[in-house]
Amino acid sequence: MALVTILKTLWAFVGGNTLITYAVIVALAGGGIWAWSAHRYNEGYSAGETHERTAWQKQRDIDIAAREAERKATQAEIDRLTAELQLDAQKRKDEQADADLNKALAATPGGKTICLPRKVARALDKAGR
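Residues in the sequence shown are numbered consecutively from 258, following this note's numbering.
Written as structure tokens, this is what we have:
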């Protein structure tokens, strides 16, 4: 119905010239086809963009997870080495303290008996020491 009205208006505008009417109809049809193909192209481009973005995000998530796993492994190795160094330092400190104590005991004159008050000695004897 609307197409008939448009054609009648076009016929009146061009003064009844059939060739011009057909040329305008062909131009409108060609323009419609061109517009539809441009729309389909943009739709395909947009779908491709979406696909690429999805693939990029997936790969980015994989890369982030790999970097995080590598970072955790590296941090675990650092923590292990730090604990090992602290343990070695504590061992050296304990060995030095033992050496200093043995040196002090060797330098102490007299016997190795301990002088305790009588009440303390009896209390320790009751406790089984």
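Ideal Cβ positions, reconstructed from N, Cα and C, are used throughout, including at glycine.
- Message: Are the CB atoms of L260 and V281 within a distance shorter than 8 Å?
- Response: On the sequence shown, residue 281 is found 24 positions in, with the first residue counted as 1. On the sequence shown, residue 260 is found 3 positions in, with the first residue counted as 1. Using a Cβ distance threshold of 8 Å, V281 and L260 do not count as a contacting pair.
- Message: Tell me whether A326, by its Cβ, gets closer than 7 Å to a heavy atom of the ligand SAM.
- Response: Among the components modelled here there is no ligand, and therefore nothing to report on the ligand SAM.
- Euclidean distance between Cα positions of D357 and A363: For the purposes of this step, residue 357 is identified with residue 100 of the sequence shown, where counting begins at 1. For the purposes of this step, residue 363 is identified with residue 106 of the sequence shown, where counting begins at 1. D357 and A363 have their C-alpha atoms some 10 Å from each other.
- DSSP three-state assignment for L373, whether helix, strand or coil: Against the sequence shown, residue 373 aligns to sequence position 116. If DSSP states are grouped into helix, strand and coil, L373 belongs with coil.
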